[in-house]
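**Q** Chains as they are written, first to last, in my numbering: chain V, 1120 to 1525; chain C, 316 to 635. If you scroll down you'll find the structure; I have some questions about it.
Listed below in structure tokens is the structure:
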């Protein structure tokens, strides 16, 4: 076969693919002629993730971006009825300099809508660039409370939930169970300290007592070798003895270094929650309510794996752009950004309620799931936690307490 | 003589109970259909069906109950007289809701995972057309004259008007978030769609495709987000509409002329779908969380009884 024939065949295949993928509709189905595509850039940091404790759940290399891709397909399908199209570029960069470069390049090319999977310092670095003044950055994965407080930025919205929301979701659940005392076990990473801060703040808010803070310092080395479990069990028993009675062991271990080794091993039999055990999160594998089964199966079919919290954050971010374009009848990125912040905006996130952005800190209001690996335990806000404006504002930092002044 | 007459009347009444109908309830998590006797309101049979049964629909001749076995990717046919599954029909992937053409020859099926509406020729047992629509098609409603099928798509948030002859989408109407059910007014002048997350029912003019009204729900003592409308049912005379409000555990009674909500009837938990008795004196609601159905007296606009059925009851249909 000559190259030419091969190319022709390839082209033919593509054309066929395009036909199948883009169904044709009667002329009246399209109200307008298609506008130029709405450009979204996904900017993520390539993370050298260490292996987690459990061999069962290896972190996927394409976490986050797959959520954006699935949401793109959702947006495109809706867009075809309105003459709107979307285009996603993906920049997975090795470091802060790479992020800044990619960001500048995209802005120069006219992109004004960004979905990011960046740690807080790099996120701020790009958001503070002079070029970034008129863009909208949708932070899909950073949970830092500071990004919603003293380090908040006018051009940044958050579809990821904050640590404060995670902690409040957990404390509200403790209140409904009438559990009043916590033993707080804190890992050594900086992120773990931030998680512990959020738990402390939330415990204070809900008058839950932290009976003891226990730093995790143990490094068992080769715990997967034969008999490694003895050492781990002994260590967990040791650090949880001589603790005043508590109802729940709360663990702060964002990198999955040790948290899964706490349940069943504490001296007193107590359940474990926090970053492991029963986890407050935006998304969870066992979640199937409010039509979530549809998104779970759509994601699984498209990617061959389960949707994670970070995938969901990116999915929400791209969907938020789509909703703003659809409802605001616009393809202008500036107007899309404006609409997202306005009172007519909401996005459905398979959580049985409208999700909207808080105007004081850019956080997307949303219910927080409480789930372990196999079952959904509860969804906060818990019944009975009422609020003047939105019950969702009982999770995280509310308007009167905000330290964000944009 | 009088006594004899009375006993004769009593005998006739016994022989022909006031509610001789059968009530069918699909139990999404049990893979069964519960059959309840309309007279005694007792369960007479629990029929094993395909996986994840959701929408159920009576054939136009009243002889068969069609069941969307969503995870089995097919329709099943239940004989109403014998209560046996007598066959299956192709449905396309993940059928959720469907509706029948007025002559019963065609079924229009929403394929939730495949973003299309399938046209099933019932006699030929063949899918004869597939019309692409938005993401997560759900509600399907055929116009009284059979010429238009309206399909709602949950993630795209649109009502798509499909010409059944041309097998094409002819209009798209953007409604509030997560539209679930579409229903035609009996005169064919309007299509009502329920937006579960948006919390509204959109009233669409079926000729101009313009939204003429959005009906909201304010229930005393509940926050607005709790009212999540799903199923819509009109009485045959078109004078009353009932809307199931999901986690608000209530059915709204609406005057279709003024669009005013006249009453909220408290029923079981997470009420999604409803079905009238053949004489329309009763309305049955399937309550997905409390695992029961509620019997509503239509004239009195009151819930009169709850009947426990299987797990996650989804749809309810009554047959004479």
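We put the beta carbon where it would ideally sit given N, CA and C, even for glycine. From a predicted model like this one, the values you see are computed outputs, not experimental measurements.
Anything in the stretch 519-543 of chain C with a Cβ closer than 8 Å to a Cβ of chain V? List those residues in chain order, please.
**A** Residues 538, 540 and 543.
**Q** Since residue 1466/V and residue 1438/V are thought to touch, with beta carbons under 8 Å apart, how far apart are those beta carbons, to the nearest angstrom?
**A** About 6 Å; that satisfies the 8 Å criterion.
**Q** Helix, strand or coil for residue 369/C per DSSP?
**A** Strand at residue 369/C.
**Q** Let me check one thing: in DSSP terms, what residues is residue 597/C bridge-paired to?
**A** In DSSP, residue 597/C forms a bridge with 612/C.
**Q** As a quick exercise: from 397/C, 402/C, 400/C and 428/C, pick the residue whose alpha carbon is nearest that of residue 412/C.
**A** Considering only alpha carbons, the answer is 428/C.
**Q** Taking a cut of 7 Å between CB atoms, which residues from the stretch 445-466 of chain C lie near chain V?
**A** Cβ contacts with chain V come from 447, 449, 450 and 451.
**Q** The beta strand (DSSP E) spanning residue 361/C covers which residue range?
**A** Taken as a continuous stretch (DSSP letters only), the beta strand (DSSP E) holding residue 361/C covers 358-363.
**Q** Going by DSSP in three states, residue 1385/V sits in which element: helix, strand or coil?
**A** Residue state, collapsed to three classes: coil.
**Q** So, at 6 Å on beta carbons, what are the nonlocal neighbours of residue 1248/V in its own chain, with the 5 sequence-adjacent residues on each side left out?
**A** So the list is empty, once near-sequence residues are dropped.
**Q** Kindly indicate the opening and closing residues of the beta strand (DSSP E) around residue 1206/V.
**A** Here the beta strand (DSSP E) through residue 1206/V covers 1205-1212.
**Q** Starting from the beta carbon of residue 1416/V, find every residue of chain C whose beta carbon is closer than 8 Å, and list them in chain order.
**A** Correct list: 428.
**Q** Given 8 Å as the limit, is there contact between the stretch 1376-1389 of chain V and the stretch 1403-1422 of chain V, that is, 3 or more CB pairs closer than that?
**A** Cβ pair count under 8 Å is below three, so no.
**Q** Which residues bound the alpha helix (DSSP H) around residue 1349/V?
**A** Where residue 1349/V is concerned, the enclosing alpha helix (DSSP H) stretches over 1347-1358.
**Q** What residue range is occupied by the uninterrupted alpha helix (DSSP H) comprising residue 1434/V?
**A** Unbroken alpha helix (DSSP H) run through residue 1434/V: 1428-1446.
**Q** Just verifying my parser: in three-state terms, what is the DSSP assignment at residue 1499/V?
**A** Three-state DSSP puts residue 1499/V in a strand.
**Q** Please work out which residues of its chain come closer than 7 Å, Cβ to Cβ, to residue 615/C, disregarding the five sequence neighbours upstream and downstream, and give them in chain order.
**A** Same-chain partners within the cutoff: there are none.
**Q** Cβ of residue 489/C less than 9 Å from any chain V Cβ?
**A** Yes, its Cβ sits closer than 9 Å to a Cβ of chain V.
**Q** Considering only the beta carbon of each residue, do residue 342/C and residue 365/C sit closer than 9 Å?
**A** No, they are not a contact pair.
**Q** Any beta carbon from chain V within less than 9 Å of residue 472/C's own beta carbon?
**A** Closer than 9 Å to some Cβ of chain V, the Cβ of residue 472/C qualifies, so yes.
**Q** Is residue 1292/V helix, strand or coil by DSSP?
**A** Looking at residue 1292/V - three-state DSSP - the assignment turns out to be helix.
**Q** Residues of chain V with CB closer than 8 Å to the CB of residue 512/C, please, in chain order.
**A** Residues of chain V passing the Cβ test: 1465, 1467, 1471, 1472 and 1473.
**Q** Give the range of the beta strand (DSSP E) segment to which residue 577/C is assigned.
**A** Run containing residue 577/C: 575-581, per the beta strand (DSSP E) assignment.
**Q** Just how far apart, CA to CA, sit residue 1370/V and residue 1350/V?
**A** Their backbone Cα atoms lie some 19 Å apart in a straight line.
**Q** List the residues of chain V whose Cβ lies closer than 7 Å to the Cβ of residue 493/C, in chain order.
**A** Ordered by position in chain V, the residues that pass the 7 Å Cβ test against residue 493/C are 1467.
**Q** Could you tell me which residues DSSP pairs with residue 456/C in its beta bridges?
**A** Per DSSP, 465/C.
**Q** If we define contact as Cβ-Cβ less than 9 Å, is residue 586/C a contact residue for chain V?
**A** Output row for residue 586/C: interface = no.
**Q** Going by DSSP, what residues sit across from residue 507/C in a beta bridge?
**A** DSSP output for residue 507/C lists 498/C and 518/C as bridge partner(s).
**Q** Answer with yes or no whether the minimum CB distance from residue 562/C to chain V is below 9 Å.
**A** Chain V contact via Cβ: present.
**Q** Please name the residue in 594/C, 558/C and 576/C whose C-alpha comes closest to that of residue 551/C.
**A** The option with the nearest alpha carbon to residue 551/C is 594/C.
**Q** Using the rule of at least 16 other Cβ atoms within 10 Å of the residue's Cβ for burial, across every protein chain shown, is residue 548/C buried or exposed?
**A** The residue in question, residue 548/C, is buried, as its Cβ has 16 or more Cβ neighbours within 10 Å.
**Q** Residue 578/C: buried (16+ other C-beta within 10 angstroms of its C-beta) or exposed?
**A** Residue 578/C is exposed by the Cβ-count criterion.
**Q** By Cβ distance below 6 Å, which residues in the same chain neighbour residue 1294/V in space, the five residues on each side in sequence not counted?
**A** Correct list, in chain order: 1325.
**Q** So that I know if they touch, is there some Cβ in chain C lying closer than 9 Å to that of residue 1233/V?
**A** No, its Cβ sits nowhere closer than 9 Å to a Cβ of chain C.
**Q** Identify the contact partners of residue 1193/V in chain C, using a Cβ-Cβ distance below 7 Å as the criterion.
**A** Neighbours of residue 1193/V on chain C, chain order: 450 and 470.
**Q** So with Cβ pairs under 9 Å, would you call residue 1354/V a contact of chain C?
**A** Taking Cβ atoms only, chain C never reaches closer than 9 Å to residue 1354/V, which makes this a no.
**Q** So what's residue 1485/V in DSSP terms, helix, strand or just coil?
**A** Residue 1485/V falls in the coil class under three-state DSSP.
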